[in-house]
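Here the structure comes first, spelled out in structure tokens, and everything after it is commentary.
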Amino acid sequence: MNKSVRSPASLPSERATGTGFADRGDDIGEPDFEAIQQSPEFKLLRKRLLWFIFPMSAFFLCWYMTFVLFSAYDHDFMSRKLFGAVNTGTVFGLLQFVTTMVIVLTYRRFARKKLDPQVDTIHELAGVGKE
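Heads up: the sequence shown begins at 1254 in the numbering used here, then just goes up one per residue.
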């Protein structure tokens, strides 16, 4: 029941020739997940993902906290009528939904252009989808 785990560093010739990870896994034909995780392709994928997630999360958190702080401490500003019964607080609240949708659509585009090709490369190296 003990499976030996092979280090990706012990197989430099396979990485150099690009044979992938499919033949380095266990006996039931699964890829060597440790080798995938330590591969430059996977590290690039993680780097690209984090490059998007942290700045976008920081932006949204700052925007949301601005809304919360104005709501809590600047009642005069948030209750200022813009037109009819619509005030600044209502507009800020609705802009939270708009901002969320913009972030979702931006991530979708980013993933399609930057992440999906990298995932396809990793799948190809891992032998995923081959029958």
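Where is the CB? At the ideal position from N, CA and C, for every residue including glycine. Keep in mind the model is a prediction, meaning the values are calculated, not measured.
- Note that the C-beta distance between residue 1379 and residue 1293 is not below 8 Å.
- Taking the CA atoms as reference points, residue 1352 sits about 8 Å from residue 1313.
- Cα atoms of residue 1290 and residue 1338: separation of roughly 55 Å, rounded to the nearest angstrom.
- Taking C-beta separations shorter than 6 Å and ignoring five residues to either side along the sequence, residue 1311 has no partners in its chain.
- Judged by DSSP secondary structure, residue 1367 falls outside any alpha helix (DSSP H); it is assigned neither H nor E.
- Taking one beta carbon from each stretch, the region 1354 to 1374 and the region 1327 to 1338 have fewer than 3 pairs nearer than 8 Å; the two do not touch.
- Residue pairing of residue 1336 in beta bridges, as defined by DSSP: 1339.
- Counted as a single uninterrupted DSSP element, the stretch harbouring residue 1381 is not any alpha helix (DSSP H), since DSSP gives it neither H nor E.
- In this structure, residue 1367 and residue 1301 form a Cβ contact; the two beta carbons are roughly 5 Å apart against a cut-off of 8 Å.
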